[in-house]
Amino acid sequence: MEIIYTLNKLTEKLSQLRRKGLIGFVPTMGALHQGHISLVQRAASENDTVVVSIFVNPTQFNDKKDLERYPRNLEADIKLLSDQGCHVVFAPRVDEVYPEPDTRIFDFGHMDKVMEGKFRPGHFNGVAQVVSRLFDMVKPDRAYFGLKDFQQLAIIQNMVQQLQLPVEIVPCPIIREPNGLAMSSRNELLSCEERENAAEIFNMLSHAGEWSNSKSVHEVEKSIASGINRNPYLETEYVEIVDADTLEMVTDWQQPGRKVVCVAVWCGKVRLIDNYLIG
Ligand code: PAF
């Protein structure tokens, strides 16, 4: 496994590796956990070369404090990645990714205005900037993203379509702690007690399917929110049931298409997101 910090070195290395076959890419912001490792292993099973990027992208943080607090530990990340099938770790500096400020504004219609987009204005524009930039640098055949960031995945798929990028986006399942808490780099910021109590988020989400047989869409959203809020460690920011492909609001179970319930929940000072596919 080679650790590369510059675009020149990356391009040189990948020009050799590309001759061997397909390149699978796992973009990350570091603070790696088993969720990331599952993406790397999947990429390794489907490609000849695996590239993992570790880059905390400043343009996707609408809150400076959140950017400062974001956990970083390159040494531990590199250790975790060894023996997982990763060939190249790309850990660029900010000026390597953005030699000039990125002023591109993407149009995702309503997709980046709802849920995360409503509470984190500009976040998805920053994600689109960095992912398109990283795709341009790595030129992967396939890129792997976790379904935990459901809205991010839908927006990246939309961006790839809009820009006609020659990359296949591979959605990968959410990996959970034994207590049901979705794995996230932000979990590192939780105390032991908070981590235990945050399991209530998935506990409530997992009732959604059963509740959809007897309650309206709005009632299910309300029951999940009040169930989570009953836990003194947790406070929901939103609970929304949306169409899994378009992210349009669902108001009636009879609407066609797959539905997903998405939540954002504060646990102390840490903001957690999760989701659950219904039917
Ligand atoms: O999901 C993440 O970790 C980030 O949003 C991503 C896709 C690596 C872009 O910075």
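In the numbering used here, the protein residues as written are 320 to 598. Beta carbons: idealized from backbone N, C-alpha and C, even for Gly.
Taking residue 358 as reference, the option from 376, 464, 444 and 327 with the minimal CA-CA separation is 464.
Remark: three or more beta-carbon pairs, one from each stretch, lie closer than 8 Å, so the stretch 361–376 and the stretch 398–406 are flagged as touching.
Rounded to the nearest angstrom, the gap between the Cα atoms of residue 565 and residue 419 is 33 Å. The alpha-carbon separation between residue 491 and residue 576 amounts to approximately 20 Å. In the three-state reduction of the DSSP assignment, residue 346 falls in the strand class. Short of 7 Å from the beta carbon of residue 441, and not among the five residues preceding or following it, lie these beta carbons of its own chain, in chain order: 381.
Relative to residue 514, the option among 586, 375 and 422 whose CA is nearest is 586. Rounded to whole angstroms, residue 437 and residue 336 show a C-alpha spacing of 41 Å. Excluding five sequence positions before and after residue 525, the CB atoms of its chain that fall closer than 7 Å to its own CB belong to 595, given in chain order. In the structure shown, the three-state DSSP call for residue 496 is coil.
In the DSSP assignment, residue 530 falls within the alpha helix (DSSP H) that extends over 527–530. Assignment of beta-bridge partners to residue 595 by DSSP yields 580. For residue 477, the shortest C-beta to heavy atom distance toward the ligand PAF is 8 Å or greater.
The beta carbon of residue 468 sits closer than 8 Å to at least one heavy atom of the ligand PAF. In the three-state reduction of the DSSP assignment, residue 424 falls in the coil class.
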